[in-house]
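These notes are about the structure you will find just below.
Protein chains: 2
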Amino acid sequence: MARQVTGSDEVAAKLAVAIHEHRLAPGTKLNEDEVGDIFGVSRTVVRAGLQQLAHQHLVELKRNRGAFVAKPSVREAREVFEARSLLEPTTARSAAKRAGKAEIASLRAHVAAEHEALAAGDDGRALHLSGTFHNEIARIAKQETIAEFIAQLVSRSSLIIALYWERRAAICESHAHDALIRALESGDADEAEALMKSHLLDLYTSLDLRDAPPQPKSLKEALNG
Amino acid sequence: MARQVTGSDEVAAKLAVAIHEHRLAPGTKLNEDEVGDIFGVSRTVVRAGLQQLAHQHLVELKRNRGAFVAKPSVREAREVFEARSLLEPTTARSAAKRAGKAEIASLRAHVAAEHEALAAGDDGRALHLSGTFHNEIARIAKQETIAEFIAQLVSRSSLIIALYWERRAAICESHAHDALIRALESGDADEAEALMKSHLLDLYTSLDLRDAPPQPKSLKEALNG
DNA sequence: CGCTTCCCGATTGTATACGAAACATGTCCA
DNA sequence: TGGACATGTTTCGTATACAATCGGGAAGCG
Chain X
1 MARQVTGSDE VAAKLAVAIH EHRLAPGTKL NEDEVGDIFG VSRTVVRAGL
51 QQLAHQHLVE LKRNRGAFVA KPSVREAREV FEARSLLEPT TARSAAKRAG
101 KAEIASLRAH VAAEHEALAA GDDGRALHLS GTFHNEIARI AKQETIAEFI
151 AQLVSRSSLI IALYWERRAA ICESHAHDAL IRALESGDAD EAEALMKSHL
201 LDLYTSLDLR DAPPQPKSLK EALNG
Chain R
1001 MARQVTGSDE VAAKLAVAIH EHRLAPGTKL NEDEVGDIFG VSRTVVRAGL
1051 QQLAHQHLVE LKRNRGAFVA KPSVREAREV FEARSLLEPT TARSAAKRAG
1101 KAEIASLRAH VAAEHEALAA GDDGRALHLS GTFHNEIARI AKQETIAEFI
1151 AQLVSRSSLI IALYWERRAA ICESHAHDAL IRALESGDAD EAEALMKSHL
1201 LDLYTSLDLR DAPPQPKSLK EALNG
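Read top to bottom, the protein sequences are chains X and R. Anchor point for the first sequence: position 62 equals 62 in our numbering, and the numbering is continuous, going up by one each time. Anchor point for the second sequence: position 112 equals 1112 in our numbering, and the numbering is continuous, going up by one each time.
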């Protein structure tokens, strides 16, 4: 089928994007043979890719049962945003100190692409870009280690949004990213940090994290869970 | 050979402990067949385990070259401690608010074991326990997500210490951990946070992070790097 | 009619086999 | 004598084959 120059990394990356864009819903079973046929590779490489995603908590590996797109619990959702609130504001501060013209331009292009996708009705892609914007900030801060953590947290946030997002209509038109870019451009570290903090809080409070289990589609699933 | 009930997780865990205890030096080649023979499993499961460790940056996977125990760069060392300084003080604060009698007792036992290992001359084990102490703190804070990050950072710190530690003699007799336990016991969140912050700073400043490359064992290695 | 039990199918876990890439060595030529 | 090329060997990357395990469904029983 597809070219066989692809390694397990590529499989993992493509699945990750599909999850970010909400084309794969939480709980979806990822059959090894099926995925292998789709990408034109053998189960060996598919398994390797799935394990990568499992380490990032994007898929859940159940022994002798297979791989499923992860369904973060309410507890996990809170923890993810707690972690983000520890890492990202300080990272935004660092980014404000380091951002040059090239970085600012890149960020503006990123946001433009996001708005474009939104206008085209491609909500999934818009959501994905909205998430990777945070990765870009971390990259500008030149903290590879922290950037990696943030990338993982952003990925997991995408799953959390898929499960617990309430006001879908008001999707991301908050222009919070624009404000952040302005703060970075003017090198205002305090402002950048504060904006990032409130942006994350906004995101967090827009979730419906009542104790209800993550919408059990069926009774059976709820019982076997 | 060992029992075959072992999965890839077990292989990864055992290798990780060996690395933590400095029984496997940075740069050591981990031949798949060799490791497989040692643990009595096939290359398939060894590869899975090595990939796990690679995701934690404990081993480095070079395409068509094999797996090597990671050799963190100076840059990476700085980043790791930067990340720890963002995560751990706040986590210690949380732990101070939640720690009960059972948790305190567990921590004391942990430190006791550490001193015991040190007295027995088992420096590697002492170092390992000294690291996992931080994991325990994170566990008490009941932040699984952050705890996982910290666990990874502690692991990587172990490698960094192996490469850049200067005053080996003064190993950990700082009693910083004892002071931390006292703060947790009395529920003094501010004190716990401050102690953790200074403890990490102590660790960081005791490293020799000059720009020199991580001690190239041989000229060849330096050139091929 | 509902519950339990057992067996079979499907899917994963592990081992092995084969092809490919990289390093080392040895030879040939300038 | 020194360097460059060719070849051999080792080790990894991927595919395939076999074995173990779990879930579901049909049959049997209360």
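The beta-carbon is built from N, C-alpha and C at its ideal position, and this holds for glycine as well.
Query - Close-in-space but distant-in-sequence residues of the same chain around X:A147 (CB under 6 Å, 5 per side omitted) - result: A138 and R139
Query raised in the report: Mind pulling the alpha helix (DSSP H) runs of 4 or more residues that sit fully within the region 1031 to 1106 of chain R?
Result: 1032 to 1039, 1043 to 1055 and 1074 to 1098
Query raised in the report: Per DSSP, what kind of secondary structure is X:L24 in: helix, strand or coil?
Result: coil
Query - Inter-residue Cα distance where the pair is R:S1106 and X:L24 - result: 43 Å
Query raised in the report: Since R:A1077 contacts R:I1160 with CB under 8 Å, what's their CB separation in whole angstroms?
Result: 4 Å
Query raised in the report: Could you give the uninterrupted runs of the alpha helix (DSSP H) lying entirely in the region 1186 to 1215 of chain R, keeping only those of 4 residues or more?
Result: Taking only runs of at least 4 residues, the alpha helix (DSSP H) segments lying wholly in the region 1186 to 1215 of chain R are 1189 to 1205.
Report task. With 7 Å as the limit, tell me which residues of the region 1130 to 1163 of chain R have their beta carbon closer than that to any beta carbon of chain X; keep them in chain order. Result -> Q1143, E1144, T1145, I1146 and F1149
Query raised in the report: Within 7 Å (strictly less), CB to CB, does X:E88 reach chain R?
Result: no
Query raised in the report: Based on Cα-Cα distance, which residue from R:A1176, R:S1157, R:R1182 and R:H1128 lies nearest to R:K1014?
Result: Nearest of R:A1176, R:S1157, R:R1182 and R:H1128 to R:K1014, Cα basis: R:H1128.
Report task. With DSSP collapsed to three states, give me the class of X:K142. Result -> coil
Requested in this report: Name, going along the chain, the residues of the region 1033 to 1053 of chain R whose beta-carbon falls closer than 9 Å to a beta-carbon of chain X.
Outcome: The region 1033 to 1053 of chain R vs chain X, Cβ under 9 Å: T1044, R1047, A1048, Q1051 and Q1052.
Report task. Check each residue of the region 1016 to 1028 of chain R: if its Cβ is closer than 8 Å to any Cβ of chain X, include it; give the result in chain order. Result -> none
Query raised in the report: Applying a beta-carbon distance threshold of less than 9 Å, which residues of chain R neighbour X:A83?
Result: L1087, Q1143, T1145, I1146 and F1149
Query - Candidates R:A1194, R:T1145 and R:Q1051: closest to R:A1012 by CA position - result: R:Q1051
Query raised in the report: Using a beta-carbon distance below 7 Å, is X:H115 in contact with chain R?
Result: Interface with chain R (7 Å Cβ-Cβ cutoff): X:H115 is excluded.
Query raised in the report: Going along chain R, which residues have a C-beta under 9 Å from X:H55?
Result: Q1051, Q1052, H1055 and Q1056
Query raised in the report: Would you call the CB atoms of R:L1201 and X:L87 closer than 7 Å?
Result: Contact flag unset, no.
Report task. Using a cut-off of 7 Å between C-beta atoms, extract the partners of X:V80 located in chain R. Result -> T1145
Query - Residues that R:E1076 contacts on chain X, provided the C-beta gap is smaller than 9 Å - result: E144 and T145
Query raised in the report: Looking at C-alpha atoms only, which residue of R:A1109, R:H1115, R:A1189 and R:K1062 is the closest neighbour of R:R1093?
Result: R:A1189
Query - Beta-carbon proximity list for R:F1081, same chain, < 6 Å, skipping 5 on both sides - result: So the list reads Y1204, once near-sequence residues are dropped.
**Report entry** Assigned exposure category for R:A1008 - 16 Cβ within 10 Å defines buried
**Finding:** Before going further, note that residue 1008 of chain R is Ser rather than Ala in the sequence given. By the 10 Å Cβ count, R:S1008 comes out buried.
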